[in-house]
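> Below you will find the structure I want to go over with you.
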Amino acid sequence: MPDPRPEVLDFLLTRRSRPAKTLASPGPTRDALIPILTAAARSPDHGKLEPWRFIVLEKPALTRLEALVRTRGAALGQPEEAIAKAASAYAQSPLAVVVVSAPKPSAKVPEIEQIHSAGAVCLALLNAALASGWGANWLTGWPAHDRGFLAEGLGLADTETVVGIVHIGTETAAPPERPRPDIAAITEWVSE
Numbered sequence: 001m002p003d004p005r006p007e008v009l010d011f012l013l014t015r016r017s018r019p020a021k022t023l024a025s026p027g028p029t030r031d032a033l034i035p036i037l038t039a040a041a042r043s044p045d046h047g048k049l050e051p052w053r054f055i056v057l058e059k060p061a062l063t064r065l066e067a068l069v070r071t072r073g074a075a076l077g078q079p080e081e082a083i084a085k086a087a088s089a090y091a092q093s094p095l096a097v098v099v100v101s102a103p104k105p106s107a108k109v110p111e112i113e114q115i116h117s118a119g120a121v122c123l124a125l126l127n128a129a130l131a132s133g134w135g136a137n138w139l140t141g142w143p144a145h146d147r148g149f150l151a152e153g154l155g156l157a158d159t160e161t162v163v164g165i166v167h168i169g170t171e172t173a174a175p176p177e178r179p180r181p182d183i184a185a186i187t188e189w190v191s192e
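Oh and the sequence shown: position 143 is 143 in full-length UniProt numbering, straight run, nothing missing.
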């Protein structure tokens, strides 16, 4: 049995995402980001397939993607409010990491398990960024589901999808605590 780590459990019980609009420059340097990415890559990965990858978006790339969000949103007939909201996430963020689901052919590991692994990577990335002292938020939004945006903006293959975009920067304001799930209401105990 591993040694108890009460400080880690306390972190997990008190962690809070930081709204993307409260993140400012600077974001982590490449050297500071490597341990965060390394921690995220230690997520459960049945079959050791690594069915995910990272795309790190630095400020020039985020500026380019903000413009693409506006162009694609207009072409798709997205409401102006939805376009503005999605574009602002790219405009305001100092750095973002895209977690791409890239399932691998496997007779033993179903694709859904590989996608779940990519979701675990997103949460691990978010928690590693927060534990490193950065503000961070896991977002997606409609651009992350638009094949045109994914191909043109991120160079994704047809078989790849975005599971999450984790925005990372310097926290400018701590969010208030929010209501959390009632564990008793969502937990079923089975003893036989």
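All C-beta atoms in this analysis are idealised placements derived from N, C-alpha and C, irrespective of residue type, glycine included.
These figures come from a predicted structure and were not determined experimentally.
Take Leu156 and list the residues in its own chain whose beta-carbon comes closer than 7 Å to its own, dropping the five residues that flank it on each side.
Hits under 7 Å: Val100, Leu150.
> Taking the straight line between their C-alpha atoms, what separation do you get for Trp134 and Ala89?
One C-alpha to the other measures close to 17 Å.
> Give me the Cα-Cα distance between Ser25 and Val190, rounded to the nearest whole angstrom.
Their backbone Cα atoms lie some 48 Å apart in a straight line.
> Using the three-state DSSP reduction, which class does Ala173 fall into: helix, strand or coil?
Looking at Ala173 - three-state DSSP - the assignment turns out to be coil, as it is neither helix nor strand.
> How long is the line joining the alpha carbons of Leu37 and Leu125, rounded to whole angstroms?
Taking the straight line joining both Cα atoms gives about 6 Å.
> What are the partner residues of Arg53, as DSSP defines its beta bridges?
Note: Arg53 sits in a beta bridge opposite Val100.
> So, are the CB atoms of His46 and Lys108 less than 9 Å apart?
It is a contact, given that the beta carbons lie within the stated cut-off.
> DSSP state of Pro166, grouped into three classes?
The question names Pro, yet the displayed sequence has Val at residue 166. In the structure shown, Val166 sits in a strand (DSSP, three-state: E or B).
> Do Leu76 and Asp158 have their beta-carbon atoms positioned less than 9 Å apart in this structure?
No; because the gap between Cβ atoms is not below 9 Å, this pair is not in contact.
> Within its chain, find whatever has a CB closer than 7 Å to the CB of Glu113; leave out the 5 residues flanking it on each side and keep chain order.
His46.
> What three-state label does DSSP hand Leu23 in the structure shown?
The answer is strand: DSSP assigns Leu23 an E or B state.
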